[in-house]
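Protein chains: 2
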Amino acid sequence: MSDIEIARQAIKKPIAQVAQRLDIPEDALEPYGRDKAKLDADFIKSLGGRKPGKLILVTAINPTKAGEGKTTTTIGLGDALNRLGKKTAIALREPSLGPCFGQKGGATGGGKAQVVPMADINLHFTGDFHAITTAHNLLAAMLDNHIYWGNALGIDSRRVFWPRVLDMNDRALRDTVVSLGGVANGFPRQGRFDITTASEVMAILCLARDLDDLEKRLARIVVAETRDGTAVTAGDLKAASAMAAVLKDAIKPNLVQTLENNPVLIHGGPFANIAHGCNSVIATRTALALADYVVTEAGFGADLGAEKFLDIKCRQAGLTPGLAVVVATVRALKLHGGADDKTLDKEDVAALLRGLPNLLRHVENLGKYGLPVLVAINRFQTDSEAELKAIEDKCTAAGAKAYLCEHWAKGGAGAEALAKAVVETLDKGQSHFKPIYADDLPLTAKIETIAKEIYRAGNVAFAEPAKRRLKALEAAGHGSLPVCIAKTQYSFAADPSMRGAPTGHTLPIREVRLSAGAGFVVAMAGEILSMPGLPRVPAAERIGLTADGEVDGIF
Amino acid sequence: MSDIEIARQAIKKPIAQVAQRLDIPEDALEPYGRDKAKLDADFIKSLGGRKPGKLILVTAINPTKAGEGKTTTTIGLGDALNRLGKKTAIALREPSLGPCFGQKGGATGGGKAQVVPMADINLHFTGDFHAITTAHNLLAAMLDNHIYWGNALGIDSRRVFWPRVLDMNDRALRDTVVSLGGVANGFPRQGRFDITTASEVMAILCLARDLDDLEKRLARIVVAETRDGTAVTAGDLKAASAMAAVLKDAIKPNLVQTLENNPVLIHGGPFANIAHGCNSVIATRTALALADYVVTEAGFGADLGAEKFLDIKCRQAGLTPGLAVVVATVRALKLHGGADDKTLDKEDVAALLRGLPNLLRHVENLGKYGLPVLVAINRFQTDSEAELKAIEDKCTAAGAKAYLCEHWAKGGAGAEALAKAVVETLDKGQSHFKPIYADDLPLTAKIETIAKEIYRAGNVAFAEPAKRRLKALEAAGHGSLPVCIAKTQYSFAADPSMRGAPTGHTLPIREVRLSAGAGFVVAMAGEILSMPGLPRVPAAERIGLTADGEVDGIF
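From first to last, the protein sequence lines stand for chains A and X.
According to the numbering used here, numbering within the first sequence proceeds without interruption in unit steps and concludes at 1374.
According to the numbering used here, numbering within the second sequence proceeds without interruption in unit steps and concludes at 1374.
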């Protein structure tokens, strides 16, 4: 059965019953249909001061075509902890609608480790991303409108940074000219559309502590500069309050359930390259206030997702993770070891051993943050005993125990060994979390620290415009912000073809952008697409409705 | 108090209680928050075969700056019918989000005749428009993607008709170039963005009978032509099924309530110029199955909105309205009579008498459709007794009784006289509804019929490209479709400065477009903007949140 078929057969509980598992009263729920709800703002406020539960980060090796199953493992681990009688909440990111129509399919787990209602969550869900699209584009419209009506702020139309966004894979919008057609339509200029997940508004929503903090951050967004380089903000355009009004419901976390009826908060979904790739701070803190154990994930591999989770999200929100789980699969490690993607079904211990350093380095890196680390082997049917044993042995030798997980086939029962180890490790209280760099390190040194400590680059090559920009940002008082490196997810290096565990490579920093509202500086390491395209045969061609009016074709 | 302040103080009933008023069982509701719900698809299906209630159309004189209050009167009349003990449902259009940030403010009534939750309905509501935006732009992305990957269908990129859409007032997007930036981004071509309400997908959603009909209509959308003029459809691009999946919840009508807790179905909101400007057929038919009386409205003045309601919506859906109410105000009629908009507070019976022919002609036009007609005078505080009496006398002389309505100040109680007259008139059963032209009349003759019978034009001037297009559409088998004339709403003529009741003018038909999915041919009479802009000081600047996190600043 396909994932969506399994999901359609789920025996869902009414969302109020799922909420009871976390002692959320029914009047704190704002229902969206029968199986989704938002948590009321007053209820969330009332949780302030509660002792937080323990925070578990699920991350992974560098992604490959073979798939790793990070979300699936996060769900499986959460179900397993619930099976052990632990009061556990899962905190995930919302899937982006656009990629659903492309290649990627759903982002709500797989097999027997899924969250439901699967199709709803993958399509519009509770409208959060639509609200972000609207807030973002309202600011864009107000910016061009300001120029149109006389440009009192003196915006230099060559220095407009603020794109428009759509939650769609549409390469035709990557590079556009707008305001053509004469006097009534404004002043022609080049512009671009990003996908909504790449919007700074998305990052802001995910890092804001509350609605008030959200509005203040929105006001700080730098949308353009004047001819003399003065920053023009959303606050200057008087757009922040209306944007906050547009986002007043989107900021509330969404409650759904796993196939095993365990509670899941799904909220926010910023890109893990040009943004920080984690679910919202509000949802994570709410989950921590409600549950004893919270399992969450970060986008892409640990070099991108976990690094940003720890250095940006945990730093800004004052979160202290207790443990990290690194997910790997035999198939993906064989690809890292140079195996052909057509022969992954065949045993190949040699390729596996060549690929294992990718996993081991992520384990070592997470240790640098002071975190205990466990490895989850997300089992596929084609994995051989010899391959599985090879991973376990090498991990044990490196001081990180590996656990075979079968949640895809068996649900929470398949991840109980991992869950027990998680509980035991957390009980020992061995986390001494600290970020990899200090706030007061200069921006350039922060980038160099990540490059050397995490990516194991030999050196960083800053392009001249990037150097100038970093200097200007330091001068403008943004030097204490953390950095968010936009880099390919497929390698530790900036070159996606460098699999395994490369060292001594050069990290090129091509461009630097300020996300003053989100509160970080983006350093672009190579070409990073912020608007995907559709493949030759888009998934949209097979998405449709069953005779009963149910969505089909999302995998 | 402002409208939004009144709305915030509303004592709302739980939506399930509001549903009970129409005998809708609780399990037929899909809640969205606590005070909004969608009606379940199976429930709607189960209503088939019920004897429909009586349908009342509320329309208006040509709009002016002064405001007429058509939506407000629709709500007031619905509340009044409920006060009289009549089982009544109100069926309205959903407001567009974009114009909220511009000049227009809310579109949920005013004073004591409003629907609530006001801010929610004006902002994202239940996400219907966002779903329409997504479905529309998915088709656009699939079209450019098809060209990118080899263009097997042979689309002529100069003959792409399908724009992109956003629910935003953004003049910078009226005329754009897309796919710049080289090989990876596709083939550069000109393109445009319309506002979402102008999307053919919106018109289709509003005219479809059910999800199945929706998908078939979506497949018929003509998006482009090949070099030899062959139509390329959404079906050819294999986009229709995914679009239907995206719209599966948007097609379900939304239930909310008036300030007096009476049930309102709000669903769909197509532009009343390049589309047909009425709420959805599904919502209207559902309301007719559930209530004895259904009050609905059509966009702009009766020349645009009522004409399309009667000739497009009622024709396609087999609806038979029992009665039309034409709304007018003293202030607006004085503007039609040439009064200065700065002195509208002063009595000016002469200007009023000069403007009255606008109202009387709409009354006469509606009579041509075989409908009984009543006039509603939407009272303002500044109206003088002499002015009110002048309207009443002239209407009586023209055979259409006028009723003074004070629902804005008094709620349903203020429209009881009108409601009683509505019931009495309907009881007499004097409606002999028939459209103004027959299906088998050629397209050109249909346009001429509307021009002469409704607009009272002396002649129609077809531009050469329009003539050629009409000929081609007849040849391609689209001749039996109704026509949808896109014309300024401010005048019977195509010139917005021609107030009152002009005759003998020329109606210029500049361009003709096929909406094969919606099932009509659009004839553009003059320049029609399908993407509005923001004013010098956008309403967005004053929209924000109160200290309690409630939306403020929508008027």
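Cβ atoms here follow ideal geometry from the backbone N, Cα and C, with glycine treated the same way.
As the structure is a computational prediction, the values presented were derived from the model and not from experiment.
Item                                                                                                                             : Value
C-beta neighbour in chain X for P936/A, strict 9 Å                                                                               : no
Buried/exposed call for Q1200/X, threshold 16 Cβ in 10 Å                                                                         : exposed
Local conformation of S1316/A per DSSP, three classes                                                                            : coil
Below-9 Å beta-carbon distance, R1355/A vs any chain X residue                                                                   : yes
Contact list for the segment 874-904 of chain A against chain X, Cβ threshold 7 Å                                                : none
Coil, strand or helix - Q1076/A by DSSP                                                                                          : strand
As assigned by DSSP and simplified to three states, the class of D1246/A                                                         : helix
Run of the beta strand (DSSP E) containing G1425/A, from where it starts to where it stops                                       : An answer regarding residue 1425/A cannot be provided, because it is not within the stretch 820 to 1374 covered by chain A.
Contact set for A1217/X: own chain, Cβ-Cβ below 7 Å, skip 5 residues either direction                                            : L1179 and V1182
Which of helix, strand or coil DSSP assigns to K1161/A                                                                           : coil
Cross-strand partners of E1044/A (DSSP beta bridge)                                                                              : A1050/A
I830/A classed as buried or exposed, judged by whether at least 16 other C-beta atoms fall within 10 angstroms                   : exposed
Terminal residues of the alpha helix (DSSP H) in which Y967/X lies                                                               : D947 to Y967
Contact with chain X by A991/A, beta-carbon distance below 9 Å                                                                   : yes
A1291/A - DSSP class collapsed to helix/strand/coil                                                                              : helix
Unbroken stretches of the alpha helix (DSSP H), 4 residues or longer, contained in the segment 903-936 of chain X                : 916-919
For A856/X, the residue or residues it bridges with in DSSP                                                                      : P850/X and L1074/X
Cβ neighbour criterion (16 or more within 10 Å) applied to T1215/A                                                               : exposed
Start-to-end residues for the alpha helix (DSSP H) that takes in P1176/A                                                         : V1168 to K1187
N1004/A burial status per 10 Å Cβ neighbour count (16 or more: buried)                                                           : buried
N- and C-terminal bounds of the beta strand (DSSP E) containing E1330/A                                                          : E1330 to S1334
Selected residue, minimal CA-CA separation from E1369/A, among G928/A, D939/A, L1024/A and A1059/A                               : D939/A
CA-to-CA distance, A954/X to L1024/X, given in whole angstroms                                                                   : 11 Å
Spatially closest choice to V1341/X from V1302/X, I1347/X and G1323/X, by CA coordinates                                         : V1302/X
Touching by the beta-carbon criterion (3+ pairs, under 8 Å), the segment 856-873 of chain A and the segment 1046-1054 of chain A : no
Cβ neighbour criterion (16 or more within 10 Å) applied to T883/X                                                                : buried
Touch test, the segment 1315-1328 of chain X against the segment 1350-1361 of chain X, Cβ-Cβ under 8 Å, three pairs minimum      : no
Opening and closing residue of the beta strand (DSSP E) in which A1195/X lies                                                    : V1192 to N1197
Backbone secondary structure at N1278/X - three-state DSSP                                                                       : strand
Inter-stretch contact at 8 Å, needing at least 3 Cβ pairs: the segment 902-920 of chain A / the segment 1032-1039 of chain X     : no
Uninterrupted alpha helix (DSSP H) stretches inside the segment 1207-1259 of chain A (no shorter than 4 residues)                : 1226-1229 and 1235-1247
Of the listed residues N964/X, L985/X and A960/X, nearest to I951/X (C-alpha basis)                                              : L985/X
Touching by the beta-carbon criterion (3+ pairs, under 8 Å), the segment 840-859 of chain X and the segment 1145-1160 of chain X : no
Any chain A beta carbon closer than 9 Å to E849/X                                                                                : yes
Residues that D963/X contacts on chain A, provided the C-beta gap is smaller than 8 Å                                            : D989, R990 and A991
Under 8 Å (Cβ pairs) to chain A, residues found in the segment 909-922 of chain X                                                : L916 and F920
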